[in-house]
Amino acid sequence: MRTQERPQERKRRTAKRAATFTRTTRETQVQVKVKIEGTGKVRASTGIGFLDHMLAALALHGGMDLDLRASGDLHVDQHHLVEDCGIALGQALREALGDRKGIERTGFFAFPMEESLALAALDLGGRPSLACRARFRRFRVGDLETDTIPEFLRGLTRGLQADLHVVLPYGWNDHHKAEALFKALGKAMKLAFSRDERYRGIVASTKGMLE
0 MRTQERPQER KRRTAKRAAT FTRTTRETQV QVKVKIEGTG KVRASTGIGF
50 LDHMLAALAL HGGMDLDLRA SGDLHVDQHH LVEDCGIALG QALREALGDR
100 KGIERTGFFA FPMEESLALA ALDLGGRPSL ACRARFRRFR VGDLETDTIP
150 EFLRGLTRGL QADLHVVLPY GWNDHHKAEA LFKALGKAMK LAFSRDERYR
200 GIVASTKGML E
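Position 120, counted from 1, in the sequence shown is what numbering that gives the first Met the number 0 calls 119; the numbers after and before it change by one each time, with no gaps.
Here is the structure:
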């Protein structure tokens with residue numbers, strides 16, 4: 000069970016669509032720097048090599064620069080650290096996006112990787128929710144526990160205040176399935192974050208706000 004103390008959070012938004020964010024609890028510490036209009040430069044150090052690899056794939060295909068450093072109670076299990084990485088990344092991206100005026104808001108992508116296919120649909124409407132249909136054959140892929148992948152995604156939607164649907168309709172190799180999923184998510188993010196001149200100064204919502 001997660002401890003109930005309120006995490007310490009520090010955030011800073013820059014003039015461009017970039018932000019830094021630090022999340023500290025008794026279980027983990029996660030520091031994130033993100034730039035939405037980047038070139039895919041990534042430094043990821045979480046203590047879980049395969050998670051670092053997935054974060055690199057996400058950032059590269061999302062067209063963003065990402066520096067994420069995390070440490071925590073991996074001697075217990077991976078759940079706390081992986082989930083908090085998702086939360087902190089989502090909150091950093093939310094800070095970088097600001098009021099979300101002028102952005103496309105939604106993104107969808109289907110990413111194939113050899114025999115596997117992943118689908119990701121993202122809505123930055125301000126209502127955090129995750130629908131995940133992703134099954135893996137093994138408990139681990141590389142050194143990452145596969146049951147923590149949905150926890151990362153759930154944390155991301157919570158931090159980003161977004162609705163995310165991910166589906167792995169077919170595939171055999173767990174590495175391919177996981178990598179296709181993160182790449183599809185990166186592509187969907189890139190589309191949702193993109194600016195649309197038709198929405199300049201307004202948000203893409205009939206309500207006039209995203210919440």
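Virtual Cβ for every residue (Gly too), placed ideally from N, Cα, C.
Can you tell me which of the three DSSP states residue i falls into?
{"i": "K40", "result": "coil"}
{"i": "S148", "result": "One detail in the question is off: residue 148 reads as Ile in this sequence, not Ser. I148 falls in the helix class under three-state DSSP."}
{"i": "G48", "result": "helix"}
{"i": "G154", "result": "helix"}
{"i": "L190", "result": "helix"}
{"i": "G62", "result": "coil"}
{"i": "G185", "result": "helix"}
List the endpoints of the continuous alpha helix (DSSP H) containing residue i.
{"i": "R93", "result": "H78 to L96"}
{"i": "D211", "result": "Given a span of 0 to 210 for the chain in the structure shown, any question on residue 211 remains unanswerable."}
Along the chain, where does the beta strand (DSSP E) that runs through residue i open and close?
{"i": "K32", "result": "T27 to K34"}
{"i": "D72", "result": "Unbroken run through D72: none, as it is neither H nor E."}
{"i": "R22", "result": "A17 to T23"}
{"i": "P168", "result": "D162 to Y169"}
Quick one: what's got a C-beta closer than 8 angstroms to residue i's C-beta in the same chain, skipping five residues either side?
{"i": "W171", "result": "E114, S115 and R136"}
{"i": "L155", "result": "G85, I86, L88, G89, A161 and L163"}
{"i": "S44", "result": "D51, L67, R68 and A69"}
{"i": "A91", "result": "K10, A18, T19, F20, V31, K32, V33 and G158"}
{"i": "T145", "result": "F135, R137, F138, R139, D173 and A177"}
{"i": "R194", "result": "G101, I102 and E103"}
To which residues of the same chain is residue i closer than 6 angstroms at the C-beta, ignoring the five residues directly before and after it?
{"i": "H60", "result": "K182, G185 and K186"}
{"i": "A87", "result": "F20, R22, V29 and V31"}
{"i": "H166", "result": "Looking at the sequence provided, one finds Val at residue 166 rather than His. Hits under 6 angstroms: L118 and R132."}
{"i": "A17", "result": "K34 and A95"}
{"i": "F151", "result": "V81 and G85"}
{"i": "T105", "result": "D122 and A191"}
Using a Cβ-Cβ cut-off of 7 angstroms (strictly less than) and excluding sequence neighbours within five positions of residue i, which residues of its own chain qualify?
{"i": "P6", "result": "R22, T23 and T24"}
Can you list, in chain order, the stretches of the alpha helix (DSSP H) that have 4 or more residues and sit fully within the segment 108-141? none
Do three or more CB pairs link the segment 117-134 to the segment 67-76 at distances below 8 angstroms? no
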